[in-house]
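Quick notes on the structure that follows.
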Amino acid sequence: MPTKRKRESSKTSNTFEQESNGVVKEKTRPSSEEEYRHWLMKSEPESRYENGVDVRFGIEDLKSCPDQTACWDGVRNYQARNFMRDKMRKGDEVFFYHSNTKKPGICGICEVVRESYVDHTQFDSKDPHYDRTAKRDNPRWYMVDVKFKRMTRRFVSLAELKVLHAEHKQSGGPLKNLSLFTRARLSVQPISQEEWDYILTLESQEEKECVQK
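The numbering of the sequence shown is my numbering, which starts it at -14 and goes up by one.
Printed below as a string of structure tokens:
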């Protein structure tokens, strides 16, 4: 499948450390770390060309794929990669998020149907996400397969989530630590059960008046 996601920086956060040989490894974390079964994944619904290749991939593109299933290739950020490679499990649910567009936000839900495997685009010199340092016997980047489940009953915009996040930071509400704002640069983000459940309740509510146009 053609590359569809926005190119990400491979810059690492303070969750990672670089060894003397240049290998980036995740720091050891406490065993009590929450196991996430829900995620938010960003993709671009509007055409944008990199090296002559259109990297657009909106939710309608996913729906048009065979069996409404596609590989989530092109992730080039270590933390986002590690979420996919080490944490995602078959059956996990994902908010499909339209990014880099006039009105970004959550538009649908998909499901992880294949756990991590090697992202072939890192070896393709014609692909926008080619990585000349990646080796077939020591691949650097991984991907998962996702399948369309449904559209959200209404579009949940970034603007609305931003207002709610600010309110919940003050009140201690469910979205106080939402990764969309605390790990904003990542295209693959963990969503807690509490966050997932709360965002789903927004489907049956009117968009907050302060963000309506």
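No residue lacks a Cβ here, since even glycine has one placed at the ideal position from N, Cα and C.
Because the structure is a prediction, the values reported are computed rather than measured.
Can you tell me whether Arg70 is buried or exposed, with buried defined as 16 or more other CB within 10 angstroms of its CB?
One-based indexing of the sequence shown puts residue 70 at position 85. Buried is the call here.
Leu165 to Lys111, Cα distance in whole Å?
For the purposes of this step, residue 165 is taken as residue 180 along the sequence shown, with counting starting at 1. For the purposes of this step, residue 111 is taken as residue 126 along the sequence shown, with counting starting at 1. Approximately 31 Å, taken between the alpha carbons.
Quick check: the segment 126 to 137 against the segment 153 to 161, are there 3 or more CB pairs under 8 Å?
Not touching, per the Cβ criterion.
Exposed or buried, Arg121, counting other C-beta atoms within 10 Å across all chains shown (16 or more means buried)?
By 1-based counting over the sequence shown, the position of residue 121 is 136. Looking at its Cβ environment, which holds fewer than 16 other Cβ atoms inside 10 Å, Arg121 is exposed.
What separation, rounded to the nearest whole angstrom, lies between the Cα atoms of Val79 and Arg117?
Numbered from its first residue, the sequence shown carries residue 79 at position 94. Numbered from its first residue, the sequence shown carries residue 117 at position 132. In a straight line, the C-alpha of Val79 is about 30 Å away from that of Arg117.
Give the DSSP-derived three-state secondary structure of Trp24 in the structure shown.
Residue 24 sits at position 39 when you count from the first residue of the sequence shown. Here Trp24 sits in strand by DSSP.
Among residues of its own chain, excluding the 5 on either side of Pro15, which ones have a beta-carbon nearer than 7 Å to its beta-carbon?
Position 30 of the sequence shown, counted from the first residue, corresponds to residue 15. Only weak support exists for where Pro15 lies, its pLDDT of 40 falling under 50; the value from the coordinates is given anyway. Hits under 7 Å: none found.
Can you list, in chain order, the residues of its chain whose CB lies under 7 Å from that of Glu100, leaving out five sequence neighbours each side?
Along the sequence shown, one-based indexing puts residue 100 at 115. Met73, Arg74, Lys75 and Val129, listed in sequence order.
Any idea if Thr186 is buried or exposed, counting beta-carbon neighbours within 10 angstroms, 16 or more meaning buried?
Your numbering for residue 186 matches position 201 in the sequence shown. So Thr186 counts as exposed.
How is Glu29 classed by DSSP in three states: helix, strand or coil?
For the purposes of this step, residue 29 is taken as residue 44 along the sequence shown, with counting starting at 1. Correct three-state label for Glu29: coil.
Quick one: give me the first and last residue of the alpha helix (DSSP H) that Phe166 is part of.
Counted from its first residue, the sequence shown places residue 166 at position 181. First-last of the alpha helix (DSSP H) with Phe166: Ser164 to Thr167.
DSSP three-state call for Thr137: helix, strand or coil?
Here the question's residue 137 lines up with position 152 in the sequence shown. Three-state DSSP puts Thr137 in a strand.
Do Leu143 and Gly90 have their C-beta atoms closer together than 8 Å?
The sequence position of residue 143 within the sequence shown is 158, counting from 1. The sequence position of residue 90 within the sequence shown is 105, counting from 1. Contact: yes.
Tell me, which residues are paired with Gln174 by DSSP?
Looking up residue 174 in the sequence shown gives position 189. Partner(s): Leu25.
Give the DSSP-derived three-state secondary structure of Arg99 in the structure shown.
Counting from 1 along the sequence shown, the entry for residue 99 is found at position 114. It is a strand residue.
Buried or exposed, going by whether 16 or more other CB atoms sit within 10 Å of the CB of Lys(-9)?
One-based indexing of the sequence shown puts residue -9 at position 6. Low confidence applies to Lys(-9): its pLDDT is 47, below 50, so where it sits in the model is not reliable, and the reading given next is rough at best. Buried, by the Cβ-count rule.
My output table needs one value for Thr238: the three-state DSSP class, helix, strand or coil.
Lying before the first or after the last residue shown, residue 238 is absent from the chain, which here runs from -14 to 198.
If I measure Cβ to Cβ from Cys95 and keep anything under 7 Å in the same chain, skipping five residues before and after, which residues do I get?
On the sequence shown, position 110 is the one that residue 95 refers to. Closer than 7 Å at the Cβ level, and outside the excluded window around Cys95, lie Leu47, Val79, Phe81, Val131, Lys132, Phe133 and Lys134.
Please check the pair Arg41 and Asp77, which I expect to be a contact at CB under 8 Å, by giving their CB distance rounded to whole angstroms.
Looking up residue 41 in the sequence shown gives position 56. Looking up residue 77 in the sequence shown gives position 92. That pair is no contact at about 25 Å.
Run through the DSSP bridge pairs and tell me what Glu188 is partnered with.
One-based indexing of the sequence shown puts residue 188 at position 203. Bridge partners of Glu188: none, in fact.
Would Gly145 be called buried (16 or more neighbouring beta carbons within 10 Å of its own) or exposed?
Counted from its first residue, the sequence shown places residue 145 at position 160. The residue asked about is misnamed: residue 145 is Glu in this sequence, not Gly. Under this definition Glu145 is a buried residue.
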